[in-house]
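A.B. asks: Got a structure for you, written out below as structure tokens; questions coming shortly.
Protein chains: 4
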Amino acid sequence: MPNFFSSLKNAYQLFRHVDFQKLEQLSKKVDLPKVVESFSNMDQTQLSGLMKMMGSSHKKKELPPIEGDFYHLGEEALKDEDRALQLKVRAFLEKEVKPVVNQYWLKAEFPFELIPKIAELNICGLTYKGYGCPGRSNLMEGMLAMEMARVDTSISTFFGVQSGLAMGSIYLLGSEEQKQEWLPGMQQFKIIGAFGLTEPEVGSAAAGGLTTTAKRVGNKWILNGQKKWIGNATFSDVTIIWARDLEDSQVKGFLVRKGNKGMHVEKMQDKMALRIVQNGLITLTNCEVEEQDRLQHADSFKDTAKVLRMTRAGVAWQAVGCARGAYESALNYTRTRKQFGKPIASFQLIQNHLVEMLSNLTAMQTLCFRLSQLQDQGLLTDEHASLAKVFCSMRTRDVVSRAREVMGGNGILLEYDVARFVADAEAIYSYEGTKEINSLIVGRAITGFSAFV
Amino acid sequence: MPNFFSSLKNAYQLFRHVDFQKLEQLSKKVDLPKVVESFSNMDQTQLSGLMKMMGSSHKKKELPPIEGDFYHLGEEALKDEDRALQLKVRAFLEKEVKPVVNQYWLKAEFPFELIPKIAELNICGLTYKGYGCPGRSNLMEGMLAMEMARVDTSISTFFGVQSGLAMGSIYLLGSEEQKQEWLPGMQQFKIIGAFGLTEPEVGSAAAGGLTTTAKRVGNKWILNGQKKWIGNATFSDVTIIWARDLEDSQVKGFLVRKGNKGMHVEKMQDKMALRIVQNGLITLTNCEVEEQDRLQHADSFKDTAKVLRMTRAGVAWQAVGCARGAYESALNYTRTRKQFGKPIASFQLIQNHLVEMLSNLTAMQTLCFRLSQLQDQGLLTDEHASLAKVFCSMRTRDVVSRAREVMGGNGILLEYDVARFVADAEAIYSYEGTKEINSLIVGRAITGFSAFV
Amino acid sequence: MPNFFSSLKNAYQLFRHVDFQKLEQLSKKVDLPKVVESFSNMDQTQLSGLMKMMGSSHKKKELPPIEGDFYHLGEEALKDEDRALQLKVRAFLEKEVKPVVNQYWLKAEFPFELIPKIAELNICGLTYKGYGCPGRSNLMEGMLAMEMARVDTSISTFFGVQSGLAMGSIYLLGSEEQKQEWLPGMQQFKIIGAFGLTEPEVGSAAAGGLTTTAKRVGNKWILNGQKKWIGNATFSDVTIIWARDLEDSQVKGFLVRKGNKGMHVEKMQDKMALRIVQNGLITLTNCEVEEQDRLQHADSFKDTAKVLRMTRAGVAWQAVGCARGAYESALNYTRTRKQFGKPIASFQLIQNHLVEMLSNLTAMQTLCFRLSQLQDQGLLTDEHASLAKVFCSMRTRDVVSRAREVMGGNGILLEYDVARFVADAEAIYSYEGTKEINSLIVGRAITGFSAFV
Amino acid sequence: MPNFFSSLKNAYQLFRHVDFQKLEQLSKKVDLPKVVESFSNMDQTQLSGLMKMMGSSHKKKELPPIEGDFYHLGEEALKDEDRALQLKVRAFLEKEVKPVVNQYWLKAEFPFELIPKIAELNICGLTYKGYGCPGRSNLMEGMLAMEMARVDTSISTFFGVQSGLAMGSIYLLGSEEQKQEWLPGMQQFKIIGAFGLTEPEVGSAAAGGLTTTAKRVGNKWILNGQKKWIGNATFSDVTIIWARDLEDSQVKGFLVRKGNKGMHVEKMQDKMALRIVQNGLITLTNCEVEEQDRLQHADSFKDTAKVLRMTRAGVAWQAVGCARGAYESALNYTRTRKQFGKPIASFQLIQNHLVEMLSNLTAMQTLCFRLSQLQDQGLLTDEHASLAKVFCSMRTRDVVSRAREVMGGNGILLEYDVARFVADAEAIYSYEGTKEINSLIVGRAITGFSAFV
């Protein structure tokens, strides 16, 4: 009996701070003797670890989630006005684009009602000077490409075609008259542009192999051939067609206006990626264009390449945005989705995925940041941009793939906001030069040997 | 002058076997002096290499393409009648399924008209004995799962739900009366089955955590809860619902017949993978089932697990089929698509992708082959099947990804028969146990430690 | 007060099965109120999980570790006498080779005292018929190559040079007299052979580019040139030198005997892999060989290639062995090494590594198993063997890398039996044809296009 | 006959610019009719490609190789004096360290004669202010860590132990007297320091689990326990020992002087990585230390962690250096090594490896650049540093592995300057926190959940 009382006293000592009611509830759910047995087999370090875990998970739970800018490139590195613009664009995308984008993607249609709102942001032709354009830095433009792709890569692509490829061709290679005619309206999205380079048998970066022809007859040019994958072309007001002059074999650019009877545009069907982007298959049959609608300073493919170099950095940033959007969705999902009674973000295997995603994302961000700095410093070369395209499109594939994976089955439902990124990453991977072509561009630069054929 | 004649004589010597007309044509296209200059700078080995290349590519061009069974597992390892069945099923899929499948996938609809034709193949319930079933080997069944998924993973999944999960539950866990009632009709696809295990908050392999409840009242059971992702459920005649008996907390199985008023099935929308598979979100509200429709030999989750173990090998084989279909499409594409004037299959970077695909594909095939042998020998364990699921779903992801990559932009168009595999591989990756869950099943077996929580 | 007694009664009810002494010990180590608080916040599923974990880890702890033959290829698939031989060879390696091998590796010396013991196993020239050779299957030979490399890849390489390359050249391409003279002694390791193909500027699989020359003068041949990387050459009794006949430009083979004054052999220094293998740099300066020591049936490089095809399967098996050795060491290490008070094998991140290793290992095993079957069926082609070499050397790199990783810092100490495999895997990766060369061999076979240059 | 003359005229037209002698030489080496036949089968694009290839490879061959700073971080981003210091350190390493380092590595010995020369560079304690230290930026320090590791990771580690861990502990946690006593001499390498944290059973980043004890007795402390892996410890003048105070259970630091009889140091043998680094196994047996040699401001493990946070960025930079050294060696090798008569750098498969290496290298550089900026801005957190450690040590493994691969067999010979990097990368991968531990540090920060146990 004294034994029993001493036991009671021990019990009192042991449990005076324990919430007895909770313990009683608990005893219905777990096998207490077994728990004690198990715990007794642990050593001090293990028990400390366990206590620390309970403590730290409690303490940390209140922390706000750290978003996908782990190294504070936006907050710290941008000037105030740039940071403000970045946040304004982000807010617009979250509010106006995100809620509608999955349904448009599914239907493979374009949300035309968004165009005037995008125009209001006044970010089109961001880096150009004059013609109503803001004249901001390439770094800023890159960051905004990331912001757009973070919510939807299709919208970002639509924007890139208009602001970069189409306006850029005119800005870099047009005459003063041509710039005056087109750029102000395009900057405000009153005029929509497209960029017709790729052909059914000639990929987007295949220099010089174009088969579309241009033949000069008097003051006119006659264009013949086909263009494939031309973004925005189904509804564009002006489409820049790149064709080989039959006379001097050089590639020249032509501003083909909507309604030109020699140009037939068919919408490409059945894509599994970037389904919002309206890609046209363009057939040119004796398509007549006035000499004054030829880009006056585009004399050879080298000039076309200038446009591509300028925009390729943007594609790298788009990849970053795509990865960031997927990562952030996955992070939020895993912090709330439970398995075995715990948020899945508390499992090692899930954390491992998240950290791999974040490290790739952060590396891409710092890489593109430097790329845009090089561009702003006038040091950008083709191979710099190609390297970023290769690295970012590869790493993005890895990020979106893990984002989908941590979501299990739900990852294949569009509503969870990762499936779309998984599909779209495949398009980014291949457009504006496949991984292979861009690798060989870098490879030639570093080795001094061309290995294309 | 003598010099000139000796030159002429030399020319004659040099060119007497050359086709002069061809040379003349050629001289218009290439800069001959430069070619001679370049060739002269090569040494003997290089020139031999060049000659060998020209020779071998000529010689090899006639060879028939080697299909995706590089180690002759089908041809060599199957008995004659099995090989014949394999080829019959393949022919059916090529002829009847392949031409329609992309459009159904795009519309997210099921090709009901194919069901009677699939029935005619007489391969449903392939390994079961009696009840109209053929009683063939597990190896044969695995090979056929590969054949089906090679053309379409959705069709293969539809088949697997019917033949494996639904019929398998009844075959393994039903009473003799239940088997007599259901199996013959199901074997002929006159009755369609579904398998209701997964729940909105409980993934497909999460043992024991089921929240759907069953309460016995007299001779009836009252089911309440939700099931998600249930394949075929939108049109099934009978759906096996797994629920936890409120009395003894054990998981039991119930045959719920079409039209039961307590069961509401909603078609899941907006999937980016396996879009042909009709997944149901099932809500059970006081759903009444007769005791005689309870699976009579399903006493706990361990019995459910028997069904899953039997079918998991099939999922591994499906992954193989998905990879094989993508590889074969990619191989054919690269042998005909040209860049820089040559089939892209003649470039090192493309061959590297093809060989990586083929090596993974072949490894998967030999692994699954052995897995099915273990099954036929009665040696199969959960961890064997889980290992195959993990390996094959990971490697398949890699294969389909490369298949898409070598197709460039065309890889995102459904018509090129790879985009669909890319998307579907994501579903395979996560269903019947995610990579993480299956890894932890194997991990527990090899280390002796459970690491699920 | 009644409250206090009811609490005591509750306490008694709660704890009557608990070991009170253990609990008291425990209360000194953990913060009991906090534990109760934490546990109370868990729901039923989480608690079940926790209980299950404790239970299962207890139960499973007693299980014997499953060794690196997860799919029972050895146990099940080998005939009894083959299985016995496999186990005999394994026992020899564990007992005689394993204890000494790290020190020899470190000193870059060869354990000559092991040679008579290896001879006693009577496994040299395993597949050959006659000349004292056992005439067993290629599958058996492959399994033994795995067993040897599982303990040490250098020893396995030494054996492969003797049994495969050197004896194989004579067996396949020698005259009857030559076979009689050499094979019986070599089978018993009384005569050691080497195989001199690779040259300083010509890699191991570079067909036909050999620069070593042979010139016939009367009944003799004069050899000139250099050979690099020639395994066993520093102590071989006979070295087969492959050289190009200056007359007909064909590659021929010569048996150069130890002591020939025209042959100088220098030991290659400073390797970071396969340090036990003694590689010779051979310089041939007007080295005279009798016509009767020319391999009588080696007429061109095609004949040399026959030897390489036969042995390449063995290299794939060696890779499997290397991976298996590393995996098994890692598995054992992680089951005993503790962190945070638990064996590290009980952490998800470590299990993930182990399962990745095991799945790759098992895939390699089933692939090579089939490869050897093809060889035994007479169906083996170069591309079959090359595919296996590519797959296995790549996957092995991944396996050994993870094996080292799970060992943390200890993984770089030789005593833990993984560091050596990490280094040796690099040699396997590149010898008998790099990944690139073997990929292009397969690539040519499947595409019909040669892409070597 | 007229036909013949017209042919001759054609021949003249065709070949008037061709160097006939070269053509004649060529005709002996290649089968001209076949070449013409082959070329005739090509189309215009293919021929253009071929011509372009010949042109571009000619033109590009003269280009200087682009070194491993593809995005000009050193040239453009450093201030002049920093750039000058970077180049001075690089020159020293190239001239004094590179020529001797392979032999020391092989012998596992330390090049003591280099110490005074390193001292002369005046870069030790680079970021500290006062005590003879230069007070430069963390960015500069990171760049120099990269420069050192680019030539040898062991030397870089030796330096990091002295400048970062040992001096850093005193600088951050010592009293003013302690700083005065030690730092000036250490800055000039007159006093060598070591940092004793890791224990046989407790890895480098395992907070708080230390088992080495300290017991205060009067004005002395008695230390007992073991330390493993302690760099420089075999010859250090002062070793900082971290031990748990038996009284308050907090971790404290002690400056143990050379010759202390209670401290026994044994050199660790048989490492396969960082063989130049002399790691000590320290046994403390009633080791007495004066209270005045206790680090006066080290009150708990949190203080130790401050030192680790400061130095972890340096480890990330070391990984970058290791990758850069391997890449540059591989680039140079592939530009000169020939196969099939061409530099191997001109093959697609090799270029692909080089570009993968360079893209990873460049991403690491930009990531670490930003990391050091965060450090200089006072924003660095543990998780920032851990992310960089994880990313860089993983990517470095990939880079060195490819560097070795492109070298084929020669890649395993130390003389080609890549094998050492391959081995050393494994040490970097695991020291100062394994990938797993650092991932869980980041994981806790981003998810709010601790998953260590």
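Residue numbers (numbering that gives the first Met the number 0), protein chains in the order written: chain B, 0 to 452; chain V, 0 to 452; chain W, 0 to 452; chain E, 0 to 452. Even glycine gets a Cβ: it sits at the ideal position worked out from N, Cα and C.
1) In terms of DSSP beta bridges, what is residue 342/W paired with?
2) Report yes if the C-beta distance between residue 271/V and residue 165/V is below 9 Å; otherwise report no.
3) Could you tell me the boundaries of the alpha helix (DSSP H) in which residue 194/W lies?
4) Ignoring anything shorter than 3 residues or poking outside the segment 255-294 of chain B, list the beta strand (DSSP E) runs there in chain order.
5) Pull up the distance between the alpha-carbon of residue 358/B and that of residue 395/B, whole angstroms please.
6) With DSSP as the reference, label residue 223/E as helix, strand or coil.
7) Buried or exposed: which applies to residue 1/W, given that a residue is buried once 16 or more other Cβ atoms fall within 10 Å of its Cβ?
8) With residue 150/B as the anchor, note down where its alpha helix (DSSP H) starts and where it stops.
9) Suppose you measure from the CA of residue 324/B to the CA of residue 128/E; what does that come to, to the nearest Å?
10) By DSSP, does residue 49/B sit in helix, in strand, or in coil?
11) Do the segment 113-127 of chain E and the segment 179-198 of chain E make contact, defined as three or more Cβ pairs closer than 8 Å?
12) Please classify residue 58/E: is it buried, with 16 or more other beta-carbons within 10 angstroms of its beta-carbon, or exposed?
13) Listed in chain order, which residues of the segment 306-319 of chain W have Cβ atoms closer than 8 Å to some Cβ of chain E?
14) Output, in chain order, the set of chain D residues within a Cβ distance shorter than 7 Å of residue 450/W.
15) Less than 8 Å between the CB atoms is what I'm expecting for residue 371/W and residue 312/W, so what's the real figure, rounded?
16) With DSSP run on the structure shown, which of helix, strand or coil describes residue 106/W?
17) Measure the Cβ-Cβ separation of residue 306/V and residue 168/V and say whether it is below 9 Å.
18) Determine the extent of the beta strand (DSSP E) in which residue 214/W is found, giving its start and end residues.
19) Where does the unbroken alpha helix (DSSP H) through residue 465/B begin, and where does it stop?
20) Return the residue from the list 97/W, 297/W, 375/W, 105/W that minimises the CA-CA distance to residue 177/W.
21) Could you spell out the range, first to last residue, of the beta strand (DSSP E) harbouring residue 411/W?
22) Which residues in the same chain have their Cβ closer than 6 Å to the Cβ of residue 53/W, if we skip the five residues on either side of it in sequence?
23) Taking the continuous beta strand (DSSP E) assigned at residue 244/E, which residues delimit it?
24) Provide the residue span of the alpha helix (DSSP H) that contains residue 249/V, from first to last.
25) In angstroms, rounded to a whole number, what distance separates the CA positions of residue 80/E and residue 87/E?
26) Suppose contacts are defined by Cβ-Cβ distances below 9 Å. Is residue 392/V in contact with residue 428/V by that definition?
27) Please name the residues in the segment 358-390 of chain B whose beta-carbon is closer than 9 Å to at least one beta-carbon of chain E, in chain order.
28) Go to residue 428/V, then tell me how far its alpha helix (DSSP H) extends in each direction, as first and last residue.
29) Taking the alpha carbon of residue 382/W as the point to measure from, which residue in 361/V, 345/V, 380/V has its own alpha carbon closest?
30) Does any CB atom of chain E fall closer than 9 Å to the CB of residue 415/B?
31) Taking a contact to mean a Cβ-Cβ separation below 9 Å, would you say residue 220/V touches residue 287/V in this structure?
32) Is the number of C-beta pairs between the segment 136-144 of chain E and the segment 258-276 of chain E that are closer than 8 Å three or more?
33) Check the C-beta distance from residue 326/V over to residue 276/V and give it rounded, since I have them as a contact under 8 Å.
34) Taking Cβ positions only, does residue 114/B come closer than 9 Å to chain E?
35) On the three-state DSSP scale, how would you describe residue 198/E?
C.D. replies: Here's the rundown:
1) 337/W.
2) Judged by their CB atoms, residue 271/V and residue 165/V are not nearer to each other than the 9 Å cut-off.
3) Per DSSP, residue 194/W belongs to no alpha helix (DSSP H); it is in the beta strand (DSSP E), 192-195.
4) Taking only runs of at least 3 residues, the beta strand (DSSP E) segments lying wholly in the segment 255-294 of chain B are 262-266, 278-289.
5) The C-alpha of residue 358/B lies about 11 Å from the C-alpha of residue 395/B.
6) Residue 223/E falls in the strand class under three-state DSSP.
7) Because the pLDDT of residue 1/W is 48, which lies under 50, any placement of that residue in the model is unreliable, and the question is left without a value.
8) For residue 150/B, the enclosing alpha helix (DSSP H) begins and ends at 137-150.
9) Their backbone Cα atoms lie some 43 Å apart in a straight line.
10) Caution is warranted here: a pLDDT of 48 is assigned to residue 49/B, below 50, making its placement in the model unreliable, and the coordinate value is therefore given only provisionally. In this structure, DSSP gives residue 49/B a helical state, which the three-state scheme calls helix.
11) Taking a cut-off of 8 Å on C-beta distances, the segment 113-127 of chain E touches the segment 179-198 of chain E, as three or more cross pairs fall below it.
12) Model confidence at residue 58/E stands at a pLDDT of 35, short of 50, so the residue's coordinates are unreliable and nothing is read from them.
13) Among the residues of the segment 306-319 of chain W, none has a Cβ less than 8 Å away from any Cβ of chain E.
14) Included in the structure are the protein chains B, V, W and E, with no chain D among them.
15) Residue 371/W to residue 312/W, Cβ: 6 Å. Contact.
16) DSSP places residue 106/W in the helix class (H, G or I) of the three-state scheme.
17) The answer is yes: Cβ separation under 9 Å.
18) Taken as a continuous stretch (DSSP letters only), the beta strand (DSSP E) holding residue 214/W covers 212-216.
19) No statement about residue 465/B is possible, as the shown extent of chain B runs from 0 to 452 and does not include it.
20) Out of 97/W, 297/W, 375/W, 105/W, 297/W has the C-alpha closest to the C-alpha of residue 177/W.
21) Neither: residue 411/W is in no beta strand (DSSP E) and is coded neither H nor E.
22) In this prediction, residue 53/W has a pLDDT of 41, which is less than 50 and means its spatial position is unreliable; nothing more can be read from the coordinates.
23) First-last of the beta strand (DSSP E) with residue 244/E: 237-244.
24) Unbroken run through residue 249/V: none, as it is neither H nor E.
25) Straight-line Cα distance between these residues: approximately 10 Å.
26) Yes, the pair counts as a contact, with Cβ atoms nearer than the cut-off.
27) Taking 9 Å as the Cβ-Cβ cut-off against chain E, the residues of the segment 358-390 of chain B that qualify are 358, 359, 361, 362, 363, 364, 365, 366, 367, 368, 369, 370, 372, 373, 376, 378, 382, 383, 385, 386, 387, 389, 390.
28) From DSSP, the alpha helix (DSSP H) with residue 428/V extends over 418-429.
29) Considering only alpha carbons, the answer is 361/V.
30) With 9 Å as the cut-off, residue 415/B does not count as an interface residue toward chain E.
31) If you check the CB distance, residue 220/V and residue 287/V come in under 9 Å.
32) Taking a contact to require three or more Cβ pairs closer than 8 Å, the segment 136-144 of chain E and the segment 258-276 of chain E do not qualify as touching.
33) At roughly 23 Å, the Cβ-Cβ gap does not stay under 8 Å, so residue 326/V and residue 276/V are not in contact.
34) No, residue 114/B does not count as interfacial toward chain E.
35) Assignment of residue 198/E by DSSP, reduced to helix, strand and coil, places it in the strand class.
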